[in-house]
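Presented below is the structure to which this report refers.
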Amino acid sequence: MLLYSGAGLRQPVEEVVRLFQSETGIKVRIDFAGSGRLMARYLASGKGDVFLPGSHYYVNKLKDKGELTWSRQVVLHVPVVGFPLSGKVKISSFTDLTKPGLKVGLGDPKAMALGRTAEDILTASGLREGVLKNTVVRAATVKQLVLYLLKGNVDAAIVARADVVQKKDKLGMIEIDPSWYKPEIVTAAILKASKQKKKAKKLAVFISSPEAVKVFNRYGFLPVK
């Protein structure tokens, strides 16, 4: 069975799938990539069973195309400003992203859920021009942005709260005004093309179960209110 999963969900998804496989004996192959790329890959191939993007935006896109048979919300994917704890530049507020000479990393809005969220944040903050002046890279996945932070290629980046929590010994974060964005909702969905719909339903239901949500919470994802 094939599961398409957003790259930013890798650690909890691998753990949840291991639990699912041990409980059911059903084998699952996982394809990790940016949510936009996963959607394009599925539409091009017509193959797959369960879709787990980092945002309900992509679920709605496939729903509009008649490509889904079932979906359920799992957890929230909340953005923060991440920065390396060993960095030479002090980051204490979102406004700091406009400091002259600061190197900022953002997600590609065409490739990943958090890239679109970052666009909303830049607009709502009124600091778009200043932040974009300092933006030196646009990444296709959150994991790439985190890698740039860890290597010191950028001084700050808009990443997922979960990614900073998972690297809290090396990364710090500042919260972003929640009125500037709508949290992305990680959503599990069954693909119309699935030839194993009963097994796909078992997997999708398991991913959104309280047992699985606890795993996601441990990796820094917040519960859906």
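Add 14 to the 1-based position in the sequence shown for the working numbering, that's all there is to it.
Note that CB positions come from ideal geometry on N, CA and C, so glycine has one too.
Bear in mind the structure is a predicted one, so any value in this text is a computation, not a measurement.
DSSP-derived helix/strand/coil call for residue i
i	result
F220	helix
S85	strand
M53	helix
Residue i versus the options, residue with shortest Cα-Cα distance
i	options	result
I204	L23, Y162, Y56, K41	Y56
V73	Q210, L136, K206	K206
F230	R175, Y195, K212, K41	R175
A202	T112, V173, K77, E37	K77
P224	F46, V92, F34, K41	F34
K239	Q87, P26, Q25	Q87
V42	S19, A54, M53, A58	S19
I188	L111, G119, G96	G96
S106	A170, R152, L128, G62	A170
A212	L52, T38, L66	As written in the sequence, residue 212 is Lys, which differs from the Ala given in the question. Looking at the Cα atoms, T38 is the closest of the given residues.
Anticipated Cβ contact below 8 Å, residue i with residue j, distance rounded
i	j	result
G115	V156	G115 to V156, Cβ: 25 Å. No contact.
L159	L185	Contact doesn't hold; Cβ gap of about 11 Å is too wide.
F108	I40	With 8 Å as the limit, F108 and I40 do not qualify as a contact, their Cβ atoms being about 44 Å apart.
Close Cβ partners of residue i (< 6 Å) along its chain, the five nearest in sequence each way excluded
i	result
S100	none
H70	I199, T201
D134	Y195
V27	S19
Cβ-based neighbour list, residue i, same chain, cut-off 8 Å, excluding 5 preceding and 5 following
i	result
P237	V89, L90, V227, N231
E81	Y56, L57, L205, K206, A207
Cβ shell of residue i (< 7 Å), same chain only, five flanking positions each side left out
i	result
P197	L90, H91, V92
Length at least 4, wholly inside the stretch 82–149: the alpha helix (DSSP H) runs in chain order: Whole alpha helix (DSSP H) segments, 4+ residues: 127–139, 142–148.
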